[in-house]
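What follows is a single structure, written as structure tokens, with notes after it.
Number of protein chains: 2
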Amino acid sequence: MLTIGQLAAYAGVTVRAVRHYHQIGLLPEPERDASGYRRYGAKAVVSLIKIRTLANAGVPLSQIGQMLDADASTFAEAVQRIDGDLRDEIERLEISRKQIAQLAAGDSLALQPEVVSYLDRLREIGVSERLVEGERDGWILVSARWPDQICEIMPAKFAQLDDPEFVRLYRVLSEMSESDADDDPRLDEVADLMAAGLAEHAYASGEVAHDGLPFDLLDALALEYDPRAQRLLDRIRERGWASWTRAERLTEPPG
Amino acid sequence: MLTIGQLAAYAGVTVRAVRHYHQIGLLPEPERDASGYRRYGAKAVVSLIKIRTLANAGVPLSQIGQMLDADASTFAEAVQRIDGDLRDEIERLEISRKQIAQLAAGDSLALQPEVVSYLDRLREIGVSERLVEGERDGWILVSARWPDQICEIMPAKFAQLDDPEFVRLYRVLSEMSESDADDDPRLDEVADLMAAGLAEHAYASGEVAHDGLPFDLLDALALEYDPRAQRLLDRIRERGWASWTRAERLTEPPG
DNA sequence: GCTTGACCCTGACGCTGCGTCAACCCTCCA
DNA sequence: TGGAGGGTTGACGCAGCGTCAGGGTCAAGC
Chain R
21 MLTIGQLAAY
31 AGVTVRAVRH
41 YHQIGLLPEP
51 ERDASGYRRY
61 GAKAVVSLIK
71 IRTLANAGVP
81 LSQIGQMLDA
91 DASTFAEAVQ
101 RIDGDLRDEI
111 ERLEISRKQI
121 AQLAAGDSLA
131 LQPEVVSYLD
141 RLREIGVSER
151 LVEGERDGWI
161 LVSARWPDQI
171 CEIMPAKFAQ
181 LDDPEFVRLY
191 RVLSEMSESD
201 ADDDPRLDEV
211 ADLMAAGLAE
221 HAYASGEVAH
231 DGLPFDLLDA
241 LALEYDPRAQ
251 RLLDRIRERG
261 WASWTRAERL
271 TEPPG
Chain U
21 MLTIGQLAAY
31 AGVTVRAVRH
41 YHQIGLLPEP
51 ERDASGYRRY
61 GAKAVVSLIK
71 IRTLANAGVP
81 LSQIGQMLDA
91 DASTFAEAVQ
101 RIDGDLRDEI
111 ERLEISRKQI
121 AQLAAGDSLA
131 LQPEVVSYLD
141 RLREIGVSER
151 LVEGERDGWI
161 LVSARWPDQI
171 CEIMPAKFAQ
181 LDDPEFVRLY
191 RVLSEMSESD
201 ADDDPRLDEV
211 ADLMAAGLAE
221 HAYASGEVAH
231 DGLPFDLLDA
241 LALEYDPRAQ
251 RLLDRIRERG
261 WASWTRAERL
271 TEPPG
């Protein structure tokens, strides 16, 4: 007769594992000797080895019991099912690996490569790191909800980079965000540039751009990054636009 | 301001998950409104999306916090580590799949194919299902501890199948195990056949066969399957052998 | 003003397969 | 006889939430 330690050693498992199998009813509790020790026979060793064989093959403990006393076809069925589960799990992990491989650079976190290179272009034209981070978070919001629209939106954004007025807009915004001044004299210039950009964009896209995008959230994000953005938002609204993120008119343009 | 439900919906996670991230300190607790509801701003949405991006990539929650405020090289390092973990996990599952693929037939549970075909051969020569099951469990014990020796042992076992005396031995054993008789007249014949087989085997292998094999366990297994085996064991010992499973002499043969 | 349904809150257990104490008992060997 | 190295039960811990239970709140319709 074997003690639990000998049994476990024979099957190559821990004592704790054996006791666990008892607890969940997978391995029957054996007789006890006078001092309360469990005493095992050879059949227990065989049972334990069978259990471990299935467990090593990825069968959940909860199903091993049924499988051990199933007929051949039921067994084969269960094997099929478990193999399918394993396949799914492997697939999930493969996807994870692909995803993590895309996380090489910091910016690419949750962003498509087009957006990453757009952000790099912003840096090249002299936009401050702070403003770029704000842009990045905005794009994270957009691409989280409308990942498919990103590739439709980006070409227009890249085109803007060739527009000297757009470049100037971003540079001035950069400087303003770096300064500590509460009320910057360049606010009106920036608002004019923005309004012009919005008008152009509205013309280009026929004012039907991207319904359902999280504009409120984008505005809120900007305000959280810099509360002074409220002043700019007010100026934009004075010029008849709903927000800088939205080519949508509140009022018709004069004339 | 967003409620927890809106936040969760935006990031595509459950409310429970968000609360969990609060609990483990991954996402900071936001302000509460007058009625105690959590109120979130846009930055929380961004944070949550970043968290989910890493989590979906297989990063453990416990490491996401550090990764989010790590510099590029630390981040890349962590990515490497996690990718390695994922690879290991996938490999483990692949092995599981291979193992489970080998469990197609019932007998092959924990047994190499050689053994399975040996058992099939036993069936072919008319050995009862009961005895085959006993053999099978014996081989499970042997191959659990000495899987590498199986391929050394099996050829000799297959050779025995061509020996008419061996075949007769197994057939008689079969019949005896099926009967209910407590004391079978054929015991002596069987013991003689066994002793002869053991002598042959001892000669063939030079009496040095397979030290450390679980002979006691094999004997015990047989006795558990059929306590009447004890009588047979006694007869074998009378003939000078330690056990039927062991080509080892207790006493020198007469003459 | 009252109900209804959809949210929100905290607290707690459940799942998987054991690892790892804690606190105590039993056996064997020097 | 004492200490090492077994054994016993009981309990918490792990990851990442799901899922109650037992409340309070909000907006809307009657």
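Chains R and U are the protein sequences, given in the same order. The opening residue of the first sequence carries number 21 in my numbering; numbering runs sequentially from there. The opening residue of the second sequence carries number 21 in my numbering; numbering runs sequentially from there. Backbone N, C-alpha and C fix where the C-beta goes; we use that ideal spot for every residue, glycine too.
Residue i (DSSP reduced to helix, strand or coil)
i               : result
E272 of chain R : coil
S128 of chain U : coil
W159 of chain U : helix
Y57 of chain R  : coil
R259 of chain R : coil
R52 of chain U  : strand
E266 of chain U : Here residue 266 of chain U is Arg; the residue named in the question, Glu, does not match the sequence. It is a strand residue.
L46 of chain R  : coil
L181 of chain R : coil
L123 of chain R : coil
Test: residue i CB closer than 7 Å to a CB of chain R
i               : result
L123 of chain U : yes
K63 of chain U  : yes
I120 of chain U : yes
E109 of chain U : yes
G276 of chain U : As shown, chain U starts at 21 and ends at 275. That puts residue 276 of chain U outside it, with no answer to give.
L2 of chain U   : Past the edges of chain U, shown from 21 to 275, lies residue 2 of chain U, and the structure says nothing about it.
E51 of chain U  : no
For residue j and residue i, the rounded distance between their alpha carbons
i               : j               : result
Q119 of chain R : A75 of chain U  : 10 Å
I160 of chain R : T73 of chain U  : 10 Å
L106 of chain U : A130 of chain R : 19 Å
G78 of chain U  : P184 of chain R : 43 Å
D254 of chain R : R165 of chain R : 27 Å
R188 of chain R : R112 of chain U : 56 Å
D168 of chain U : P175 of chain U : 13 Å
V152 of chain R : D239 of chain R : 16 Å
S148 of chain R : S194 of chain R : 5 Å
L68 of chain U  : L27 of chain R  : 49 Å
I145 of chain R : R251 of chain R : 25 Å
L237 of chain R : S137 of chain R : 23 Å
L123 of chain R : V33 of chain R  : 39 Å
A121 of chain U : D108 of chain U : 20 Å
G85 of chain R  : E172 of chain R : 55 Å
R206 of chain R : T94 of chain U  : 40 Å
E49 of chain U  : H42 of chain U  : 6 Å
D203 of chain R : A219 of chain R : 26 Å
I110 of chain R : Q100 of chain R : 15 Å
Residue-chain proximity (residue i, chain U), Cβ-Cβ < 7 Å
i               : result
I173 of chain R : no
S197 of chain R : no
L82 of chain R  : One point to set straight first is that residue 82 of chain R is Ser, not Leu, in the sequence displayed. Not one chain U Cβ lies under 7 Å of S82 of chain R.
E155 of chain R : no
Partner residues on chain R for residue i, Cβ-Cβ distance less than 7 Å
i               : result
A211 of chain U : Here the premise fails: no neighbours, minimum Cβ distance about 22 Å.
T73 of chain U  : L129 and A130
L237 of chain U : A62 and V65
Y41 of chain U  : Correct list: empty, because the minimum Cβ distance to chain R is about 16 Å.
Within chain U, the residues that residue i reaches when beta carbons sit closer than 8 Å
i               : result
I69 of chain R  : A130, I160, L161 and A164
D246 of chain R : The premise fails here: D246 of chain R is roughly 12 Å from chain U at the closest Cβ pair, so nothing lies under 8 Å.
Chain-order list of residues whose beta-carbon lies under 6 Å from that of residue i (same chain, five-residue window excluded)
i               : result
D182 of chain R : none
V135 of chain U : W159
Proximal residues to residue i (C-beta, below 7 Å), its chain only, five neighbours per side dropped
i               : result
K70 of chain U  : L88
L241 of chain R : D157, G158 and L161
L270 of chain R : R257, G260, W261 and A262
L81 of chain U  : I44, L46 and A75
F186 of chain U : Q180 and G217
D246 of chain U : S197
G154 of chain R : A242 and Y245
Check: residue i C-beta below 6 Å from any heavy atom of the ligand FMN
i               : result
A240 of chain U : Ligands are entirely absent from the displayed structure, and the ligand FMN is therefore not among its contents.
Own chain, CB closer than 8 Å to residue i, minus 5 neighbours either side, in chain order
i              : result
L22 of chain R : Y30, R59, Y60, G61, A64 and V65
R52 of chain R : R58 and R59
G25 of chain R : V35
Chain U contact residues for residue i, given Cβ-Cβ distances below 9 Å
i              : result
V99 of chain R : I120, A121, L123 and A124
Partner residues on chain U for residue i, Cβ-Cβ distance less than 7 Å
i               : result
A240 of chain R : G61 and A62
I102 of chain R : I120
A31 of chain R  : A164
Proximal residues of chain R, C-beta to C-beta of residue i below 8 Å
i               : result
S116 of chain U : N76, A77, G78 and L106
Chain R residues whose Cβ lies nearer than 9 Å to that of residue i
i              : result
Y57 of chain U : Going along chain R, no residue has its Cβ under 9 Å from Y57 of chain U, so there is no contact; the nearest lies around 17 Å.
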